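Colleague: Residue numbers (my numbering), protein chains in the order written: chain A, 1 to 739; chain B, 740 to 990. Please read through the structure below; I'll follow up with questions.
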Amino acid sequence: MDQFLQATITGIATAAILAVAASGLVLTYTTTGIFNFAHGAIGMLGAFAYWQLRFDWGWPAPVALLVVLGVLAPLLGVAIELVVMRGLHDAPEAARVVVSVGLLAALLGLGLWVWPTDVARPLTRFWGNEHISVLGVRLTWHEVVAILVAAGLALGLRALLYGTRAGLAMRAAVDDRALSMLNGARPHRSAVLAWAIGCTCAALAGILISPAIGLMHVNLTLMIVNAYAAAMIGRLRNLPMTFAGAVALGLLDAYALTYLPTDSILLAQFRFAIPVILLFAVLLVLRQDRLRGHAARSTREVVPRPGWSGSLATAALFVAAGVVAAQITSAPDAVAVQKIVAVAIIALSLVPLVGFAGQLSLCQMSFAGIGAVVMAHHGHGGDPVGLLLATVVAGAVGALVALPTVRLAGIYLALATAAFAMMLDLWIFGLRDFEVGPLSISIFGTGSVAVDPIDVPGVDSAHDRLVFLSVVFALLYLLVVAIRRSTFGQRLLAFKDSPAASATLGVNTMLVRLAVFTLSAAMAGFGGALYGGTLGAVSAQNFAFAQSLPLLLLAVVGGIGTAAGALVAGVLVGGLPLLVEVAPWFENVNRVLPGTMGIALGRNPNGIAHQIRVGLAPLRRQPALLAGTVAGVAAVVGLRLAEVLTGTPFALALAAVPAAGGLAAQVLAARRAAGATATEGPDDVPLEWAGIVRPFTAEEVATMDRVLGLERRPEPTPSLAGAPSGVSAPARTAAGAGR
Amino acid sequence: MTALGPAPAPAPPAGDPVPAPPLVELRGVRAAYGTIEVLHGVDLSLMPGEVLAVLGPNGAGKTTMLNVLAGLHPLSGGDVFVAGRRTNGASAADLARVGLCLVPEGRGIFPNLTVRENLRMAAHAGHDPRAVEEAAYERFPRLAQRRRQLAGTLSGGEQQMLALARGLATDPAVLVLDELSMGLAPLVVEELYGQVAELARRGVSILVVEQFARVVLGVADRAAIMLGGRVTDVGAPDEIESKLSAAYLGG
Ligand SMILES: Nc1ncnc2c1ncn2[C@@H]1O[C@H](COP(=O)(O)OP(=O)(O)OP(=O)(O)O)[C@@H](O)[C@H]1O
Ligand SMILES: [Mg+2]
Chain A
1 MDQFLQATIT GIATAAILAV AASGLVLTYT TTGIFNFAHG AIGMLGAFAY WQLRFDWGWP
61 APVALLVVLG VLAPLLGVAI ELVVMRGLHD APEAARVVVS VGLLAALLGL GLWVWPTDVA
121 RPLTRFWGNE HISVLGVRLT WHEVVAILVA AGLALGLRAL LYGTRAGLAM RAAVDDRALS
181 MLNGARPHRS AVLAWAIGCT CAALAGILIS PAIGLMHVNL TLMIVNAYAA AMIGRLRNLP
241 MTFAGAVALG LLDAYALTYL PTDSILLAQF RFAIPVILLF AVLLVLRQDR LRGHAARSTR
301 EVVPRPGWSG SLATAALFVA AGVVAAQITS APDAVAVQKI VAVAIIALSL VPLVGFAGQL
361 SLCQMSFAGI GAVVMAHHGH GGDPVGLLLA TVVAGAVGAL VALPTVRLAG IYLALATAAF
421 AMMLDLWIFG LRDFEVGPLS ISIFGTGSVA VDPIDVPGVD SAHDRLVFLS VVFALLYLLV
481 VAIRRSTFGQ RLLAFKDSPA ASATLGVNTM LVRLAVFTLS AAMAGFGGAL YGGTLGAVSA
541 QNFAFAQSLP LLLLAVVGGI GTAAGALVAG VLVGGLPLLV EVAPWFENVN RVLPGTMGIA
601 LGRNPNGIAH QIRVGLAPLR RQPALLAGTV AGVAAVVGLR LAEVLTGTPF ALALAAVPAA
661 GGLAAQVLAA RRAAGATATE GPDDVPLEWA GIVRPFTAEE VATMDRVLGL ERRPEPTPSL
721 AGAPSGVSAP ARTAAGAGR
Chain B
740 MTALGPAPAP APPAGDPVPA PPLVELRGVR AAYGTIEVLH GVDLSLMPGE VLAVLGPNGA
800 GKTTMLNVLA GLHPLSGGDV FVAGRRTNGA SAADLARVGL CLVPEGRGIF PNLTVRENLR
860 MAAHAGHDPR AVEEAAYERF PRLAQRRRQL AGTLSGGEQQ MLALARGLAT DPAVLVLDEL
920 SMGLAPLVVE ELYGQVAELA RRGVSILVVE QFARVVLGVA DRAAIMLGGR VTDVGAPDEI
980 ESKLSAAYLG G
């Protein structure tokens, strides 16, 4: 009984901290419509900042608290709103999720940069271990404070949102931003306020929970998943329900700690997965609410329909690039480049799912991990059966995940996939070999397992394998192109643009979503098996949730609507770490780079690949320049083969030649266009089309006025000091009325 | 071809007292979505105390014009004057605070707030929320029974009543209405425009865009035709009515 009471009290104290974190999340979501995936990272930074002031610099606790919660956290919130989130309110939901996930990755990287992991940072409770006794149960003062803070926050937030005009205006702005402005509200100010309060809540929760779970970057950042679960129970907007959810979670955790058997292999780590499993469950039973303020008013993404000839040429280019790379790399470098291609194959699996269907998955690396594990156990000696099995198993698991989640969309799907990934991370991937009935199951064994590279006749050296992987990538690229061009692909796009409309057109949306998710998981599993082969030995870290984030971010940044974008992702995810080996200072930059690029995506949703294509487009219309550019690239490669041009100068030259070609083509095209308008004049379009394909010119307006017999409008009278002249204007209307 | 002849040069009619300046004036207003210009120089003025109806085919740019006027859409040329002050670039919130109220196209309500909260939302700076609420219930008794209901669950007609009530809440100097009748039964439309006529009698200046020409011309003092991004005609309601079919059929 005592044990139960003790667990209950401890659980409530944990719940209080969760509630603080969750209510900050709910506040930013209800008031700005943006689900803040970075909430945990903000809490992490808050805890570290507090440690810095309080323990490293030895400031008194109240001063440190005041500075962190009263100055730093609100300032961070304001900065996030002004720099990152502003202008996102009418962006497609996928872009908003990516930006917010990017912020998570960037802040996590920043934390690792400023406070490297090589130092131990003890952070003690307020008042150490001093405690009081309630009903014979020990309760530390720290816990008492947490409970009081949560209660105060609950009352304060409720009063703010439901009792003040500022709170009402916040909620109104999410519903209909323009309309709230018509009511005299200023949504920008509401958003700034909401982000400031939200960040303060996150920092407060981070500081309160750190003594319990330790001052560790990733743990603190992901602790917030528990808060996600609580917030979800409150359907992201109901504060009382959110608090109830926090209590349920806190108690579950405490009881699990007290009562779960510790001797079972299966259940030893299970406790950590409880919140994630609960989050998954809540997402499933949740009545899908009408998403609030989420109609994307402007579609800013472009998903071109590729032609076969162009795609075949691109595929050939991939193979050629692979052949050239194999020629010019040493054996270790060839292995490194293999990794790039393998990651690109995994990233390619995101294209149909995210690019075509608009479904976000934060667990692609987990599917890749499943593929790698299957390959490890069933592909001894590179047996192709292992690769096939990896694809099938990953696809099957994908279908299993998709079955319950297909009806979810947007952030809900993103969260469900994140929950799945973390469930694997925290529980399944950590399991030792075990037996379920007649099946004996082995995952990462004691930590890591060996994966053999696929065995193909004639492919023996690292260089051969690089060429082989490029061919595989090119073939998969063509598969994705075929998907894009098929009826299935058109359905995916139709579905992305309007789920409701495509349902009324008789498209079975559930089946379409299920199919694309399964396909994508299978592709990821396939890629994972090959990736495992290039790594040699794989462990759970290779396929952790934190690895899925940069993959998705960079695939989207590369240009998720096109298969070529995946290559960009492969180069960035697989290639940037290589750069770190050359230039160690780059490590910290690399930590924040994927996130920063994800954030930048808010401004340019079509990604880099699209930008490059647009930049090079004029080149296609200038055969001479095109030939020159190709010859230039060939020359650079030739110089490299002759060992004249190597290393960095080679890489720079390789990038500079096409860039120069594109630039020259653009200049030429611009000059030609300027010449054209000068000679052809405004007769370039039929009069009916003027004003539609381009604005009217003054002459056209005059012509139309003449033809239509309209009165020539008088020139606007010059106004004095901004005030219109009172006489002429009414005179004009009077004349008009009198006609 | 329209039946318009060359118009006489504008000149103030001799002998008339100088009329009051317009309350709202658009001068050569241009606006564009991206690179596509949809307003090609709109001239229009609303006199104090009058009801001005703007008619025109779909896509003529009426909504765009009202959004520019209310500060929701940037103008790319020309000027907007409200009560003699140039308001180019002023924010919608500021315009609302000086008494220009737009009831936008579609349902001008917050679907996830209750009826009461919708009304309180309207009561910005210096207005008593309670008084605003009471006045609205007096005008539309049906809303009083539904004050705790989420506005998104109201019927289409009730939502439009709420939108209008919200618009009137702060006694705006200028009321701008965009297609109040969209998707409503004729009886409800009559009821809504009954309210508009009542307001007009109390001297509120109203700029109204409407497809239901018959109803709105009954209420209006003057009417304008908007075609292809320009105001092509302004005149007395009956005069405009006779020109309407020509305008709509592309005369
Ligand atoms: N957000 C937008 N982006 C691009 N073009 C737009 C946008 N909104 C309107 N347009 C275009 O601007 C033109 C004018 O639209 P507007 O909504 O102002 O017309 P309207 O006169 O109000 O029509 P209706 O009677 O149908 O309401 C139309 O051709 C429309 O397609
Ligand atoms: Mg309109």
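A virtual CB, placed ideally from N, CA and C, is assigned to each residue, including glycine. From a predicted model like this one, the values you see are computed outputs, not experimental measurements.
By DSSP, does arginine 961 of chain B sit in helix, in strand, or in coil?
Modeller: The residue you call residue 961 of chain B lines up with position 222 of the second sequence. Strand at arginine 961 of chain B.
Colleague: Quick one: Cα of glycine 40 of chain A to Cα of tyrosine 50 of chain A, how far?
Modeller: On the first sequence, residue 40 of chain A is found 40 positions in, with the first residue counted as 1. On the first sequence, residue 50 of chain A is found 50 positions in, with the first residue counted as 1. Those two C-alpha atoms are separated by around 15 Å.
Colleague: Between the Cα of glycine 891 of chain B and the Cα atoms of B:Ala822, B:Ile979, B:Arg855, B:Val928, which residue gives the shortest distance?
Modeller: Within the second sequence, residue 891 of chain B is the residue found at index 152, counting from 1. Ranking B:Ala822, B:Ile979, B:Arg855, B:Val928 by Cα distance to glycine 891 of chain B puts B:Arg855 first.
Colleague: Counting beta carbon pairs with one atom in the segment 912-929 of chain B and one in the segment 192-205 of chain A, are three or more of them shorter than 8 Å?
Modeller: No: the two stretches stay apart, fewer than three of their Cβ pairs being nearer than 8 Å.
Colleague: Between alanine 768 of chain A and alanine 326 of chain A, what straight-line distance do the alpha-carbon atoms span, to the nearest angstrom?
Modeller: Residue coverage of chain A in this structure runs from 1 to 739, which leaves residue 768 of chain A outside it and unanswerable.
Colleague: Could you say which of A:Leu25, A:Leu75, A:Ala396, A:Ala281 lies nearest to glycine 198 of chain A if we only look at CA atoms?
Modeller: Looking up residue 198 of chain A in the first sequence gives position 198. It is A:Leu25 whose Cα lies nearest to the Cα of glycine 198 of chain A.
Colleague: If you draw a straight line from the C-alpha of valine 481 of chain A to the C-alpha of leucine 493 of chain A, how long is it?
Modeller: Start at 1 with the first residue of the first sequence, and residue 481 of chain A comes out as number 481. Start at 1 with the first residue of the first sequence, and residue 493 of chain A comes out as number 493. Their Cα atoms are separated by approximately 13 Å.
Colleague: Touching or not, the segment 509-517 of chain A and the segment 318-336 of chain A, by the rule of three or more beta carbon pairs under 8 Å?
Modeller: Output reads no: the segment 318-336 of chain A does not touch the segment 509-517 of chain A.
Colleague: Which same chain residues, not among the five before or five after leucine 916 of chain B, have their C-beta less than 6 Å away from its C-beta?
Modeller: The count along the second sequence starts at 1 and reaches residue 916 of chain B at position 177. Taken in chain order, the residues that qualify are Val842, Val947.
Colleague: What's the C-alpha gap between leucine 284 of chain A and threonine 518 of chain A?
Modeller: What you label residue 284 of chain A is simply residue 284 of the first sequence in a count that begins at 1. What you label residue 518 of chain A is simply residue 518 of the first sequence in a count that begins at 1. Going from the Cα of leucine 284 of chain A to the Cα of threonine 518 of chain A covers about 18 Å.
Colleague: If you draw a straight line from the C-alpha of leucine 535 of chain A to the C-alpha of glycine 379 of chain A, how long is it?
Modeller: Numbered from 1 along the first sequence, position 535 holds the residue referred to as residue 535 of chain A. Numbered from 1 along the first sequence, position 379 holds the residue referred to as residue 379 of chain A. Rounded to the nearest angstrom, the two C-alpha atoms are 15 Å apart.
Colleague: Kindly provide the ranges of any alpha helix (DSSP H) runs that are 4 or more residues long and lie completely inside the segment 205-289 of chain A, ordered along the chain.
Modeller: Counting whole runs of 4 or more residues, the segment 205-289 of chain A contains the alpha helix (DSSP H) stretches 217-233, 239-259, 270-285.
Colleague: Short of 6 Å in beta carbon distance, which residues of its chain neighbour glycine 632 of chain A, apart from the five on each side in sequence? Order them along the chain.
Modeller: By one-based count along the first sequence, residue 632 of chain A stands at place 632. For glycine 632 of chain A, where only same-chain residues beyond five positions count, the Cβ hits under 6 Å are Val657.
Colleague: Using a cut-off of 7 Å between C-beta atoms, extract the partners of leucine 168 of chain A located in chain B.
Modeller: Within the first sequence, the letter at position 168 stands for residue 168 of chain A. Residues of chain B passing the Cβ test: Glu856, Arg859, Met860.
Colleague: Tell me, please, whether the segment 589-601 of chain A touches the segment 89-107 of chain A by the rule of three or more beta-carbon pairs shorter than 8 Å.
Modeller: They touch, by the three-pair rule.
Colleague: Given this structure, state the Cα-to-Cα distance separating leucine 903 of chain B from alanine 227 of chain A, to the nearest angstrom.
Modeller: Within the second sequence, numbered from 1, the residue matching residue 903 of chain B stands at position 164. Within the first sequence, numbered from 1, the residue matching residue 227 of chain A stands at position 227. Whole-angstrom Cα-Cα distance: 41 Å.
Colleague: Flag this pair as yes or no: are the beta carbons of alanine 664 of chain A and leucine 625 of chain A separated by less than 7 Å?
Modeller: Reading the first sequence from its first residue, position 664 is the one you call residue 664 of chain A. Reading the first sequence from its first residue, position 625 is the one you call residue 625 of chain A. Yes, the Cβ-Cβ distance between alanine 664 of chain A and leucine 625 of chain A is below 7 Å.
Colleague: Near ligand 3, which residues have their beta-carbon less than 7 Å from any of its heavy atoms, given in chain order?
Modeller: Questions concerning ligand 3 fall outside what the structure shown contains, since the ligands it does hold are ligand 1 and ligand 2.
Colleague: Within the same chain, show all residues whose beta-carbon is closer than 7 Å to that of arginine 969 of chain B, passing over the 5 residues directly before and after it, in chain order.
Modeller: As a working mapping, residue 969 of chain B is identified with position 230 in the second sequence. His779, Gly780, Val781.
Colleague: So, does the CB of glycine 847 of chain B fall closer than 7 Å to a CB anywhere in chain A?
Modeller: To locate residue 847 of chain B, count along the second sequence from 1; it is residue 108. Cβ-Cβ to chain A under 7 Å: yes for glycine 847 of chain B.
Colleague: Could you tell me whether the Cβ atoms of histidine 217 of chain A and leucine 389 of chain A are closer together than 7 Å?
Modeller: Here the question's residue 217 of chain A lines up with position 217 in the first sequence. Here the question's residue 389 of chain A lines up with position 389 in the first sequence. In this structure, leucine 389 of chain A does not lie closer than 7 Å to histidine 217 of chain A by Cβ.
Colleague: Grouping DSSP H, G and I as helix and E and B as strand, with all else coil, what is alanine 296 of chain A?
Modeller: As a working note, residue 296 of chain A is residue 296 in the first sequence. Low confidence applies here, because alanine 296 of chain A scores a pLDDT of 40, under 50, leaving its location unreliable; read the following figure in that light. Note: alanine 296 of chain A maps to coil in three-state DSSP.
Colleague: With a threshold of 7 Å between beta carbons, is alanine 91 of chain A in contact with chain B?
Modeller: Mapped onto the first sequence, residue 91 of chain A falls at position 91. No, alanine 91 of chain A does not count as interfacial toward chain B.
Colleague: Could you give the first and the last residue of the continuous alpha helix (DSSP H) run that contains phenylalanine 468 of chain A?
Modeller: By 1-based counting over the first sequence, the position of residue 468 of chain A is 468. Phenylalanine 468 of chain A -> alpha helix (DSSP H) spans 462-485.
Colleague: Drop a sphere of 10 angstroms on the beta-carbon of glycine 736 of chain A, count the other beta-carbons inside from all chains shown, and report buried for 16 or more, exposed for fewer.
Modeller: Taking the first residue of the first sequence as position 1, residue 736 of chain A is located at position 736. At glycine 736 of chain A, the pLDDT of 36 sits below 50, so the modelled position is not reliable; the number obtained from the coordinates is stated separately. By the 10 Å Cβ count, glycine 736 of chain A comes out buried.
Colleague: Just tell me which of A:Phe4, A:Gly561, A:Val472, A:Val449 has its CA closest to the CA of valine 459 of chain A.
Modeller: Taking the first sequence and counting its residues from 1, one reaches residue 459 of chain A at position 459. With distances taken between Cα atoms, valine 459 of chain A lies closest to A:Val472.
Colleague: What is the DSSP secondary structure of isoleucine 848 of chain B, counted as helix, strand or coil?
Modeller: The residue you call residue 848 of chain B lines up with position 109 of the second sequence. In the structure shown, isoleucine 848 of chain B sits in coil (DSSP, three-state: anything other than H, G, I, E or B).
Colleague: Compare the beta carbon distance of valine 351 of chain A and alanine 16 of chain A with 7 Å and say whether it is the shorter of the two.
Modeller: By one-based count along the first sequence, residue 351 of chain A stands at place 351. By one-based count along the first sequence, residue 16 of chain A stands at place 16. No, Cβ-Cβ distance for valine 351 of chain A and alanine 16 of chain A is not below 7 Å.
Colleague: Give every residue of the same chain whose Cβ lies closer than 8 Å to the Cβ of leucine 668 of chain A, excluding the five residues on either side of it in the sequence, and list them in chain order.
Modeller: The residue you call residue 668 of chain A lines up with position 668 of the first sequence. Contacts found: Pro618, Gln622, Leu625.
Colleague: Whole angstroms is fine: what's the gap from methionine 44 of chain A's alpha carbon to alanine 38 of chain A's?
Modeller: In the first sequence, counting from the first residue as 1, residue 44 of chain A sits at position 44. In the first sequence, counting from the first residue as 1, residue 38 of chain A sits at position 38. Computed Cα separation, rounded: 10 Å.
Colleague: At which residue ranges does the segment 801-855 of chain B contain complete beta strand (DSSP E) runs of 3 or more residues, listed in the order of the chain?
Modeller: If we require 3 residues or more, the beta strand (DSSP E) runs fully inside the segment 801-855 of chain B come out as 816-821, 839-842.
Colleague: Beta carbon of glycine 798 of chain B: closer than 6 Å to some heavy atom of ligand 1?
Modeller: Looking up residue 798 of chain B in the second sequence gives position 59. Flag set: Cβ of glycine 798 of chain B near ligand 1.
Colleague: Just the Cα atoms here: how many angstroms apart are alanine 7 of chain A and threonine 140 of chain A?
Modeller: For this step, residue 7 of chain A is matched to residue 7 along the first sequence. For this step, residue 140 of chain A is matched to residue 140 along the first sequence. One C-alpha to the other measures close to 13 Å.
Colleague: In the segment 39-100 of chain A, which residue ranges form an unbroken alpha helix (DSSP H) of at least 4 residues, counting only runs that do not cross its ends?
Modeller: With a minimum length of 4 residues, the continuous alpha helix (DSSP H) runs that stay inside the segment 39-100 of chain A are 39-51, 61-65, 73-79.
Colleague: Beta-carbon within less than 6 Å of alanine 150 of chain A's beta-carbon, same chain only, minus the 5 sequence neighbours each way: which residues are those?
Modeller: Numbered from its first residue, the first sequence carries residue 150 of chain A at position 150. Once the five neighbours on either side are set aside, the close Cβ partners of alanine 150 of chain A are Ala16, Ala19, Val20.
Colleague: Are glycine 838 of chain B and alanine 912 of chain B close, meaning C-beta to C-beta below 7 Å?
Modeller: On the second sequence, position 99 is the one that residue 838 of chain B refers to. On the second sequence, position 173 is the one that residue 912 of chain B refers to. Yes; because the gap between Cβ atoms is below 7 Å, this pair is in contact.
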